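S.K.: Starting off with a structure, shown below.
Residue numbers (my numbering): 3 to 161.
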């Protein structure tokens, strides 16, 4: 009798172990139409920008303790200065800004840059940008996250 009990317990244990080893069948995969995938990738920026026939403009960056940098930017659509500077590994934040910044939301004011020349090639200041700057800075100070450049411009980081 005890042998039968041991054998049945062993069979139950083996069936439990076998159920863990055999994977459950996967649900049927539904394919996403190519158009939808491409649209999602476009929203995420996975397909690069279309250049405007090879036309470019220059963003010249003056930095303390570093030599000036010149960035060639496609002239297709206006570009966000903060994104362009970060993409080219140019440090725009002072020490406090490295720890405390809003990530480009236009709220903290730590990504401020000084416009040396080419202000006519930038978008006008938005009310959000004016509020974040607090009105205590001059007209030549802009938040790089709120500034879109569409032509040659010279800026100075960490004014």
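For glycine and all other residues, C-beta sits at the position ideal for the given N, C-alpha and C. Keep in mind it's a predicted model, so treat the numbers as computed, not measured.
(1) Using a 10 Å radius around the Cβ and a threshold of 16 neighbouring Cβ atoms, would you call residue 17 buried or exposed?
(2) I need the straight-line Cα distance from residue 134 to residue 109, nearest angstrom please.
(3) Quick check on DSSP: helix, strand or coil for residue 119?
(4) Residue 79 and residue 57 - do their beta-carbons sit closer together than 7 Å?
(5) Taking a contact to mean a Cβ-Cβ separation below 7 Å, would you say residue 125 touches residue 84 in this structure?
(6) Relative to the C-alpha of residue 114, which residue among 68, 69, 141, 122 is closest?
(7) Hey, out of 121, 154, 91, 159, whose CA is closest to residue 112's CA?
(8) DSSP state of residue 134, grouped into three classes?
(9) If you measure between the beta carbons of residue 148 and residue 119, is that distance less than 7 Å?
(10) Based on DSSP bridge pairs, tell me the residues matched to residue 157.
(11) Please work out which residues of its chain come closer than 6 Å, Cβ to Cβ, to residue 64, disregarding the five sequence neighbours upstream and downstream, and give them in chain order.
(12) Check whether the Cβ atoms of residue 74 and residue 62 sit closer than 7 Å, and answer yes or no.
M.R.: Put simply:
(1) Within the chain shown, numbered from 1, the residue matching residue 17 stands at position 15. Under this definition residue 17 is an exposed residue.
(2) Counting from one through the chain shown, the residue named residue 134 turns up at place 132. Counting from one through the chain shown, the residue named residue 109 turns up at place 107. Their backbone Cα atoms lie some 6 Å apart in a straight line.
(3) Within the chain shown, residue 119 is the residue found at index 117, counting from 1. The answer is strand: DSSP assigns residue 119 an E or B state.
(4) Here the question's residue 57 lines up with position 55 in the chain shown. Here the question's residue 79 lines up with position 77 in the chain shown. Cβ atoms of residue 57 and residue 79: not closer than 7 Å.
(5) Your numbering for residue 125 matches position 123 in the chain shown. Your numbering for residue 84 matches position 82 in the chain shown. Not in contact: residue 125 and residue 84 (Cβ atoms no closer than 7 Å).
(6) Along the chain shown, read from residue 1 onward, the residue named residue 114 stands at position 112. Out of 68, 69, 141, 122, 141 has the C-alpha closest to the C-alpha of residue 114.
(7) As a first step, residue 112 is located in the chain shown; it is residue number 110 there, counting from the start. Nearest C-alpha to residue 112: 159.
(8) Taking the chain shown and counting its residues from 1, the one referred to as residue 134 is at position 132. The answer is helix: DSSP assigns residue 134 an H, G or I state.
(9) Counted from its first residue, the chain shown places residue 148 at position 146. Counted from its first residue, the chain shown places residue 119 at position 117. For residue 148 and residue 119, no; Cβs fall outside 7 Å.
(10) Working through the chain shown from its first residue, we reach residue 157 at position 155. Answer is 63, 117, bridged to residue 157.
(11) By one-based count along the chain shown, residue 64 stands at place 62. 70, 158, listed in sequence order.
(12) Here residue 74 refers to the residue found at position 72 of the chain shown. Here residue 62 refers to the residue found at position 60 of the chain shown. No, the Cβ-Cβ distance between residue 74 and residue 62 is not below 7 Å.
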